[in-house]
């Protein structure tokens, strides 16, 4: 079976750094995606990791450890507009992504 | 710019009605998907299609069917809507091949309420 775990909710302060963790146990692994989803909107692509290590893209970074079945999304210099849900998804090679239930991040002033 | 559109943003139907949700993508993608999204459960795959007239069941296909007569269009059908199908429905598309690096592009979603 497929199991992807993320914290349900997190709160952080504007200007701070927050790390959102994702652990996965899947039958097959061909990459891990992070998406951002604002309330009432479609998910939008943030990052993709297939090899171990850190991928940096502006204020957002994503890390992967395949041996530990673990990833995190790091958001720096938090802004109010970063308040959203963050979805972790694994591509198992079955053509579709398998998603975690998402982490709702609330950024406070 | 990839565009995935869905026929309705909001839909209200009655129990037992037949419901059609339409999705169109303009990037010539081979793969198309239907998910439903519920609080605490995340996105769950209902059906996907990797080519015209081809379809595969996802994790929760019961009560749904799909149609892909043209490459750009993927329809989700609720044969007899029930209240437990009240949800947000998201369509997505993705280029062909099984390589993992291509992301899925999502439509804006259809929020369906079944009374």
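Protein chains in written order, with the numbering used here: chain A, 0 to 108; chain U, 98 to 212. Yeah, the Cβ is synthetic: ideal placement off N, Cα and C, and Gly gets one too.
query, result
"Buried or exposed for residue 138/U, please, with buried defined as at least 16 other CB atoms from any protein chain shown within 10 angstroms of its CB.", "exposed"
"Shortest alpha-carbon distance to residue 2/A belongs to which of 10/A, 14/A and 23/A?", "23/A"
"Starting from residue 52/A and walking both ways along the beta strand (DSSP E), at which residues does that stretch end?", "52 to 56"
"Is the beta carbon of residue 206/U less than 8 angstroms from the beta carbon of residue 103/U?", "yes"
"Can you give me the Cβ contacts of residue 48/A inside the same chain, cut-off strictly under 6 angstroms, excluding the 5 residues immediately before and after it?", "31, 54, 61 and 63"
"Counting only Cβ pairs nearer than 9 angstroms, list the residues of chain U close to residue 94/A.", "128, 130, 145, 147, 153, 191 and 195"
"Can you find the residues in the same chain that come closer than 7 angstroms, C-beta to C-beta, to residue 107/U, ignoring five residues on each side of it along the sequence?", "208"
"Tell me whether residue 129/U is buried or exposed, calling it buried when 16 or more other Cβ atoms sit within 10 Å of its Cβ.", "buried"
"Mind checking if residue 203/U is an interface residue toward chain A, Cβ cutoff 8 angstroms exclusive?", "yes"
"Let me make sure I understand the geometry here. Which of 199/U, 180/U and 204/U has the alpha-carbon closest to that of residue 114/U?", "180/U"
"Quick one: is residue 64/A near chain U, going by C-beta distance under 8 angstroms?", "no"
"Give the range of the beta strand (DSSP E) segment to which residue 88/A is assigned.", "83 to 90"
"Are the Cβ atoms of residue 94/A and residue 8/A separated by less than 8 angstroms?", "no"
"What do you reckon, is the C-beta of residue 161/U under 7 angstroms from a heavy atom of the ligand COA?", "Annotation note on the ligand COA: not contained in the displayed structure, which lists no ligands."
"Is the number of C-beta pairs between the region 173 to 189 of chain U and the region 65 to 83 of chain A that are closer than 8 angstroms three or more?", "no"
"Of all the residues that make up the region 165 to 194 of chain U, which are near chain A by a beta-carbon distance shorter than 7 angstroms?", "187"
"Rank 145/U, 149/U and 109/U by C-alpha distance to the C-alpha of residue 125/U and give the top, closest one.", "149/U"
"What residues are listed by DSSP as bridge partners for residue 8/A?", "103/A"
"For chain A, find out if any of its Cβ atoms is closer than 8 angstroms to the Cβ of residue 206/U; answer yes or no.", "yes"
"Hey, out of 141/U, 140/U, 168/U and 162/U, whose CA is closest to residue 147/U's CA?", "168/U"
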